[in-house]
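Taking it in order: structure first as structure tokens, then the write-up.
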Amino acid sequence: MSAQPLAESLVQSVDWLAVAPPVIAAAVGLAVLVADLFLPEARKAVLGWVSVAGLAVAALMLLPLLDGDRSTFCLNGPTRACSYTADHFTLVIQFLVLGGALLAALLSVTNLRDDQRRVPPGEFWFLLLSSAAGAALLPASRDLATLIVALEVASLPAFALVGIRHGDKRSSEAALKFFLSSVTATAVSLMGISFVYASTGTLYLTQVAQRLPHVGGQLHTLAQTGVVLTLIGFAFKTAAVPFHFWVPDTYVGAPLPVAAYLSVVGKAVGFSGLILVTVIAFPSYADIWGPALAVLAGLTMTVGNVGALRQQATRAYSAVRLLAWSSVGQAGYLLVPIAAAGYAKDPQKAIGSTVAYALMYAAVNLGAFAVAALVGRSRALNRISDYRGLYATNPLTALLLAFFLLCLAGLPPGVIGLFAKVTVFSAAVDAGLGWLAVLMAVNVVIALFYYLQWTALLFRAPEGEPARHLVPAPLTAALTLTGVLGVALSGAPQLVLRFAAGALF
59 MSAQPLAESL
69 VQSVDWLAVA
79 PPVIAAAVGL
89 AVLVADLFLP
99 EARKAVLGWV
109 SVAGLAVAAL
119 MLLPLLDGDR
129 STFCLNGPTR
139 ACSYTADHFT
149 LVIQFLVLGG
159 ALLAALLSVT
169 NLRDDQRRVP
179 PGEFWFLLLS
189 SAAGAALLPA
199 SRDLATLIVA
209 LEVASLPAFA
219 LVGIRHGDKR
229 SSEAALKFFL
239 SSVTATAVSL
249 MGISFVYAST
259 GTLYLTQVAQ
269 RLPHVGGQLH
279 TLAQTGVVLT
289 LIGFAFKTAA
299 VPFHFWVPDT
309 YVGAPLPVAA
319 YLSVVGKAVG
329 FSGLILVTVI
339 AFPSYADIWG
349 PALAVLAGLT
359 MTVGNVGALR
369 QQATRAYSAV
379 RLLAWSSVGQ
389 AGYLLVPIAA
399 AGYAKDPQKA
409 IGSTVAYALM
419 YAAVNLGAFA
429 VAALVGRSRA
439 LNRISDYRGL
449 YATNPLTALL
459 LAFFLLCLAG
469 LPPGVIGLFA
479 KVTVFSAAVD
489 AGLGWLAVLM
499 AVNVVIALFY
509 YLQWTALLFR
519 APEGEPARHL
529 VPAPLTAALT
539 LTGVLGVALS
549 GAPQLVLRFA
559 AGALF
């Protein structure tokens, strides 16, 4: 008789509506892979539009989940715990992930058409959708096992996407660097998680949070080591310094839409995982991860901005390298509110600042990559100097790129960028991290120089014969979406913070 209640407690419920967004992305990915076997070469372009439609449907499935929190894969019993929770935090990050993947897919439609011989379309779309499914699963994960599985489902296809171009040595080297760094991060994370499990006896984040403060004796050292190793693993995923070395070469070697995808969706994966393990699972160790993340934030923003500042305009792929180093610097800003959560009485407000900044960064950074993809169609080396005089040939595109760069710099009319930086700055000040707020202000000034330098180049007289950049329909759609979103948010920036901070967790 005693076995019956135990068996009932192990039966897990499944809420199919709650898991619909990642499931749809994964199902469409499998359908595209199978369809690729039967479609003739001339009709394989349709696979891209099917993938775009699949990501759009997955994003639309977030709407029915707005009415309240939903949990599934739950253990029934005296201590109810769930592996998957679709709360407000989950929905905001899933919106960011699926929206970012959708825009990257629009960029990829044109890229695959231009590079058809070297990039197999069926495999490309399957890998992109699989990675997006894992990225959408991660913010909903509420146990350490699901968290690490989602992290790898998001990461493993990304390795292949970076190196998918046949016969491209630079692409292969980039994929190898990305693979080695990510595998190292996973190994460190897994060791840390195993130590946490050994000391607490559970993988559920809420139960880990309850049991960690009561771990005593020799297990206390094991638990501390587990917490530190887990945080180091996620620091790799967020490209925090000194774990950032793979970023510039990976962005340059990858197809440009993949670099755009990694810059936004890859960051969302790392930061959402870091938020979950720090704020939900390890709040009792805030005295360890708070100062550690504050130092990492300072190092990351400084190294990233200095690296971007050192880029030479005439160097091959300097535009992509600048965006890569800039993304490292932006990761430093994103780390600030998470570090502040370790000191703040209201961690939810601090985390809301990170999510708000991530939403702003996703929109404008994808827009900047969309313009880089457009210029790269006629100027394969994609140097910053190739953007000189862009206003003379493509005035609307030049104005959009200028707007995106000003948003990243935090200058009007890019009000959303200024607003996001002020919220992050406020989070540091409210938490008593005055030194980090000062360092952030210094880095914002450094970033102003290289963003404004690139912006000014757009409006200078072109040298030689100006290149005309034809804008295909998918690129037009991506530029329009990012531009409209950036302008709308600059008109009402308070909406971002409300959307990001409302009832997190």
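Going left to right, the sequence shown walks through residues 59 to 563 as the numbering used here numbers them.
Note that CB positions come from ideal geometry on N, CA and C, so glycine has one too.
Given the structure is predicted, the values throughout are model-derived calculations rather than measurements.
Cβ-Cβ separation between LEU170 and PHE182: approximately 6 Å, consistent with a contact (criterion under 8 Å). For the options GLU210, LEU417, ALA326 and ARG435, the alpha carbon positioned closest to that of ALA546 is the one of LEU417. In the DSSP assignment, LEU164 falls outside any beta strand (DSSP E) and lies within the alpha helix (DSSP H) extending over 146 to 172.
Note that the stretch 335 to 347 touches the stretch 264 to 275; at least 3 beta-carbon pairs, one per stretch, sit closer than 8 Å.
Across the structure, LEU354 and ALA216 are spaced so that their CA atoms are roughly 25 Å apart. Here the alpha carbon of THR336 sits roughly 22 Å from the alpha carbon of GLN276. In the DSSP assignment, ARG128 falls within the unbroken beta strand (DSSP E) covering 128 to 133. About 17 Å separates the CB atoms of LEU458 and SER384; that is not less than 8 Å, and the two are not in contact. Beta-bridge partners of ALA139 (DSSP): LEU133. The shortest CA-to-CA distance from VAL104 to any of ILE151, LEU209, ASN452 and GLY180 is the one to GLY180. When DSSP states are grouped into helix, strand and coil, SER376 belongs to the helix group. Proximity to PRO551 across VAL542, VAL473 and ASN134 peaks at VAL473, based on C-alpha coordinates.
In the structure shown, ASP201 adopts extended strand secondary structure according to DSSP, grouped into three states. Between LEU351 and LEU393 the beta-carbon gap is near 6 Å, inside 8 Å, which marks them as a contact. Counting only runs that start and end inside the stretch 359 to 415, the alpha helix (DSSP H) elements of at least 4 residues fall at 376 to 399.
In this structure, the straight-line span from the alpha carbon of SER252 to that of CYS132 is close to 22 Å. For VAL500, the enclosing alpha helix (DSSP H) has its first and last residue at 492 to 516. Boundaries of the alpha helix (DSSP H) around GLU231: 227 to 258. Rounded to whole angstroms, the separation of the alpha carbons of VAL81 and LEU97 is 24 Å. 8 Å or more divides the Cβ of THR358 from the Cβ of ALA382.
Here ASP226 has ARG176 and GLY311 as same chain residues with Cβ atoms under 8 Å from its own Cβ, once five neighbours each way along the sequence are excluded. Beta-bridge analysis with DSSP links TYR262 to ASP201. Closest option to LEU367, judged by alpha-carbon separation, among TYR509, VAL110, ALA159 and GLY106: TYR509. In terms of Cα proximity to SER141, the closest of VAL207, PRO122 and ALA85 is VAL207. In this structure, the alpha-carbon of GLY87 lies about 16 Å from that of GLY158. Collapsing the DSSP output to three states places ARG101 in a helix.
Going by beta carbons, ALA144 and ALA83 fall outside the 8 Å limit. Around HIS302, the same chain offers VAL386 as residues with beta carbons nearer than 6 Å, after the five sequence neighbours per side are excluded. Burial is judged here by how many other beta carbons sit within 10 angstroms of a residue's own beta carbon; THR372 has fewer than 16 and is exposed. In the three-state reduction of the DSSP assignment, ILE333 falls in the helix class.
Residue range 473 to 488 is occupied by the alpha helix (DSSP H) that includes VAL482. Shown here for THR130: same chain residues with a beta carbon closer than 7 Å to its own, the five before and five after excluded, namely SER71, VAL72, ASP73, ALA76, VAL77, CYS140 and TYR142 in chain order.
Residue environment: ASP444 is assigned as buried (16 or more neighbouring CB atoms within 10 Å of its CB, all protein chains considered). Spanning the alpha carbons of SER484 and ILE338 requires a straight line of approximately 22 Å.
In the displayed model, ALA438 falls within coil according to three-state DSSP, outside both helix and strand.
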